[in-house]
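Okay, structure first, notes after.
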Amino acid sequence: MKAPNILYIHSHDTGRYVQPYGHAVPTPNIQRLAEGGVLFRQAFCANPTCSPSRASLLTGKWAHSCGMLGLVNRGFSMSDYSQHIVHTLRDGGRYHSVLAGLQHVAKDPAQIGYDRILDGDRSPEQVVSRTVDFLKDAPSQPFFLDVGFFVTHREFPEPGPDEDPRYCLPPAPIPDTPENRYDMAAYKASGRILDNSIGAILEALDENGLAENTLVICTTDHGLAFPGMKCNLTDHGIGVMLIMRGPGGFTGGKVCDAMVSHIDVLPTICELLDIATPEGVQGSSMIPLIRGEVEAINDQIFAEVNYHAAYEPQRAVRTQRWKYIRRYSNRQKPVLPNCDAGPTKDVWMQHGWQDRYVAPEQLYDLIFDPNETHNLVDDSTVASVLEDMRHRLDQWMDETADPLLRGPVPPDPGAQLNDPTSISPPYALYTVPLN
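Be aware that the sequence shown starts at 689, since it is given in this note's numbering, and climbs by one per residue.
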C-alpha cells in the first residue's frame, strides 16, 4: 500500500470554538471531518502564541527547546530549521513537501525547506484555489501539504445574516454584553469563512480520489483573540481543536478524552509511517491511544509563554485535575499589548482591566473551577497539591534546560517588541539592537 499523504490544515486563533466541540459556531465541514475521524477533546498547544505554537507542533519540541521564543513577524526564528517535519518526512519517507498559505514559523518560507511553495496571497480564496489546483495534479509520491489560514485572526469580518449578534453568547471568560455579543458574532463570521475553505479542500480530496489514503490533521495555534484567552496559560488559551482523519485508525467518529499536546503530533506521524523519530523530540506518539492499547499517554502537559508583542514569561503544568501557572516577571498587572485590540478588550479596559492584580503563582482545581477563576495558592487544604505541581514544573524546566532557569530570556537580535506597560500591539514598538 502506498504511504499515506499528510494534509496539515491550521488556522489562527480558533481555540476549540467550532461545532464539533459543542459550541454554537456552525462549522458543518469541520463537523463532517470529526464524524469521519478522531476528535481530541483534551488537546493543548505548547505555547498560546502564534509562531511558537506552530514550531512546537512541527518539531515535536517545546518552544524553548526548538528555539522559537516569539513571533516570526516580530523578528524571532527557530534555532535550526532542519528540525522541521518536512526534513523528517523527506529523509524517512521520501515525502514531497508543499506549502500553501500561511506558515508563520519563518520570515522567509524558503528557510524551512519545502520542496514546493505555492505562490499567492494569504486570502482564504487564494489559499483554497492553490490547494485545490495542487490536489488535482498531485504527485505520485506521497506528499506533506501544509495549508495555513489567517482566519480566524482579528480583525474579524462583519457578521452576516446567519450571525445575528442578538443571539450570540460570548466565550466563557467574557461577560454577556451587547458589545461582546457583536464581537462573538463577528468571530462566527470568520469561522464560517474558515469552515467553507476547509470544506472546499476536503471536497477536492474526495473528487481526486485522495481522501482514503490521506491523513488530515486539522488544528489551530491557540485560543481565541479575546482577553484572558490567547497568550494565556489557562485552558482558554492553550485548549485547541485537534481532529485527525485517515489511515492508521483515525476513523469512525471517535472521541478521545486523553490529554494530548501539539508536540505529540510529529512522533505520531513517525510511528504511523514507520520512520525513525528524530533525536530530541519531546512528544509521545498517540498511536497507542488510537489502537486502544492505553488510556493515556500523558499524565501531565506543559505550556509556556516567552514573547508575544511584549515579554511575559510564564510556565504552566496541567494534570487532569489541577493547573499550576507561574509568572517570572515582577509585573503584577496585565500585559495589555499581548491582547489584540477589539470590542471585548475595550469593554474590559472601560472597567479597569489595566489595574487588575495578576498573581505570580496560580493553582486551579479543574473539576470544581473549570474556568480557572479561583486561585488556590493560599489555600492550606491543598498545600500538598501545590508542592507537587511546583515540583512537576521545576523538574520539567530542569529536564528541558529551560532558559528561564538562568534568568530573563533575551529576545532574538533585531526583534521588535512592545513595552509591557503599553496598551495595544501597534504602539510603543521598539527594536532590539543587533549587537
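Every residue gets a Cβ at the ideal spot worked out from N, C-alpha and C, and that includes glycine.
In chain order, which continuous runs of the alpha helix (DSSP H) of length 4 or greater are located wholly inside the region 767-799? 773-781
To the nearest angstrom, how far is the alpha carbon of R649 from that of R804? Here the chain comprises residues numbered 689 to 1123, so residue 649 is not present and cannot be evaluated.
Figure out for me which residue from I886, G725, G763, H711 has the closest Cα to the Cα of Y1118. On the sequence shown, position 430 is the one that residue 1118 refers to. Out of I886, G725, G763, H711, G763 has the C-alpha closest to the C-alpha of Y1118.
Taking 7 angstroms as the cut-off, does the CB of Y999 come closer than this to any heavy atom belonging to the ligand GDP? This structure lacks the ligand GDP, and indeed carries no ligand of any kind.
Quick one: give me the first and last residue of the beta strand (DSSP E) that A877 is part of. Numbered from 1 along the sequence shown, position 189 holds the residue referred to as residue 877. Looking at the DSSP string, A877 is not in any beta strand (DSSP E); the run it does join, the alpha helix (DSSP H), is 866-895.
Give a yes or no on whether the C-beta atoms belonging to L977 and I989 are separated by under 8 angstroms. Position 289 of the sequence shown, counted from the start, is the residue given in the question as residue 977. Position 301 of the sequence shown, counted from the start, is the residue given in the question as residue 989. No, the Cβ-Cβ distance between L977 and I989 is not below 8 angstroms.
Quick check: Y705 and L890, are their CB atoms within less than 8 angstroms of each other? Along the sequence shown, read from residue 1 onward, the residue named residue 705 stands at position 17. Along the sequence shown, read from residue 1 onward, the residue named residue 890 stands at position 202. Result no, Cβ atoms of Y705 and L890 do not sit closer than 8 angstroms.
Would you mind giving the Cβ-Cβ distance between G703 and H841, rounded to the nearest angstrom? I have them listed as a contact below 8 angstroms. For the purposes of this step, residue 703 is taken as residue 15 along the sequence shown, with counting starting at 1. For the purposes of this step, residue 841 is taken as residue 153 along the sequence shown, with counting starting at 1. Contact doesn't hold; Cβ gap of about 12 angstroms is too wide.
So is L857 buried or exposed if we call it buried at 16+ other beta carbons inside 10 Å? Here residue 857 corresponds to residue number 169 of the sequence shown, with the count starting at 1. Classification for L857: exposed.
What's the gap between the Cα of L1122 and the Cα of P1099? Along the sequence shown, one-based indexing puts residue 1122 at 434. Along the sequence shown, one-based indexing puts residue 1099 at 411. Computed Cα separation, rounded: 10 angstroms.
Touching or not, the region 1017-1033 and the region 1096-1112, by the rule of three or more beta carbon pairs under 8 angstroms? yes
Using the Cβ count rule (16 or more neighbours within 10 Å means buried), how would you classify D796? Mapped onto the sequence shown, residue 796 falls at position 108. Classification for D796: exposed.
With C-beta atoms as the reference, is E992 less than 8 angstroms away from H752? Position 304 of the sequence shown holds residue 992. Position 64 of the sequence shown holds residue 752. The answer is yes: Cβ separation under 8 angstroms.
May I have a chain-ordered list of the alpha helix (DSSP H) segments no shorter than 4 residues that lie completely inside the region 976-1047? 1031-1038
Let me check understanding here. Comparing Cα to Cα, which of Y1012, R854, S828, R1080 lies closest to A873? The residue given as residue 873 occupies position 185 in the sequence shown. Comparing Cα positions, the closest option is R854.
Assuming contact is defined by CB atoms lying nearer than 8 angstroms, are P827 and H784 in contact in what I supplied? As a first step, residue 827 is located in the sequence shown; it is residue number 139 there, counting from the start. As a first step, residue 784 is located in the sequence shown; it is residue number 96 there, counting from the start. It is a contact, given that the beta carbons lie within the stated cut-off.
With DSSP as the reference, label R854 as helix, strand or coil. Taking the sequence shown and counting its residues from 1, one reaches residue 854 at position 166. Three-state DSSP puts R854 in a helix.
Would you say F837 and H700 are within 8 angstroms of each other, going by their C-beta atoms? Residue mapping note: residue 837 aligns to position 149 of the sequence shown, counting from 1. Residue mapping note: residue 700 aligns to position 12 of the sequence shown, counting from 1. In this structure, H700 lies closer than 8 angstroms to F837 by Cβ.
Going by the CB atoms, is the gap between D1053 and W1084 shorter than 8 angstroms? Here residue 1084 is taken as the residue at index 396 of the sequence shown, counted from 1. Here residue 1053 is taken as the residue at index 365 of the sequence shown, counted from 1. No, they are not a contact pair.
Do you know whose CA, among E983, T1032, T908, Y769, lies nearest M947's CA? Residue numbering aside, residue 947 sits at position 259 when the sequence shown is read from its first letter. It is E983.
Might you give, ordered along the chain, the residues of its own chain that have their beta carbon closer than 6 angstroms to the beta carbon of L1051, omitting 5 neighbours on each side? Residue numbering aside, residue 1051 sits at position 363 when the sequence shown is read from its first letter. Contacts found: Y1012, L1064, V1065, L1074.
Presumed contact (8 angstroms Cβ cut-off) between I975 and G936, rounded CB distance: Stepping through the sequence shown from its first residue, residue 975 is reached at position 287. Stepping through the sequence shown from its first residue, residue 936 is reached at position 248. I975 to G936, Cβ: 7 angstroms. Contact.
Is it right to say F938 is buried, meaning 16 or more other beta carbons lie within 10 angstroms of its own, or is it exposed? As a working note, residue 938 is residue 250 in the sequence shown. Per the 10 Å Cβ criterion, buried.
Taking C-alpha atoms, which residue in N868, P863, P692, F822 lies nearest to F844? Here residue 844 refers to the residue found at position 156 when the sequence shown is read from its first residue. Measuring from the Cα of F844, the nearest candidate turns out to be N868.
Can you grab the Cα-Cα spacing for the pair E1087 / L882, in whole Å? In the sequence shown, the residue the question calls residue 1087 occupies position 399. In the sequence shown, the residue the question calls residue 882 occupies position 194. So the two alpha carbons sit approximately 38 angstroms from each other.
Measure from the alpha carbon of V835 to the alpha carbon of each residue in L759, S1068, G789, then state which is nearest. Residue mapping note: residue 835 aligns to position 147 of the sequence shown, counting from 1. Residue G789 is the option with its Cα nearest to V835.
Less than 8 angstroms separating the beta-carbons of I931 and G725? Translated into positions along the sequence shown, residue 931 becomes position 243. Translated into positions along the sequence shown, residue 725 becomes position 37. Cβ atoms of I931 and G725: closer than 8 angstroms.
For the alpha helix (DSSP H) containing V835, list its first residue and its last residue. In the sequence shown, counting from the first residue as 1, residue 835 sits at position 147. Taken as a continuous stretch (DSSP letters only), V835 belongs to no alpha helix (DSSP H), being part of the beta strand (DSSP E) at 831-836.
Which residues does DSSP pair with N1106 in a beta bridge? The sequence position of residue 1106 within the sequence shown is 418, counting from 1. L1117.
Give me the residue from A1047, F728, L961, E846 with the minimum Cα distance to K671. The requested residue 671 does not occur in the structure, where the chain is confined to residues 689 to 1123.
Please classify K918 as buried or exposed, where buried requires at least 16 other C-beta atoms within 10 Å of its C-beta. Sequence index remark: in the sequence shown, residue 918 carries index 230 (1-based). K918 is buried by the Cβ-count criterion.
So, using beta-carbon positions, are H698 and R742 closer together than 8 angstroms? Locating residue 698 in the sequence shown gives position 10, counting from the first residue. Locating residue 742 in the sequence shown gives position 54, counting from the first residue. Yes.
What's the call for E900, buried or exposed, on a 16-neighbour Cβ count within 10 Å? By 1-based counting over the sequence shown, the position of residue 900 is 212. E900 should be labelled exposed.
Within 10 Å of its beta-carbon, does Q1020 have 16 or more other beta-carbons around it, so buried, or fewer, so exposed? Reading the sequence shown from its first residue, position 332 is the one you call residue 1020. Exposed is the call here.
Is the separation between the beta-carbon of P861 and that of G916 shorter than 8 angstroms? Along the sequence shown, one-based indexing puts residue 861 at 173. Along the sequence shown, one-based indexing puts residue 916 at 228. Yes; because the gap between Cβ atoms is below 8 angstroms, this pair is in contact.
Interface flag, D1100 vs chain B, CB-CB below 8 angstroms: Absent from the structure: chain B. Only one protein chain is present.
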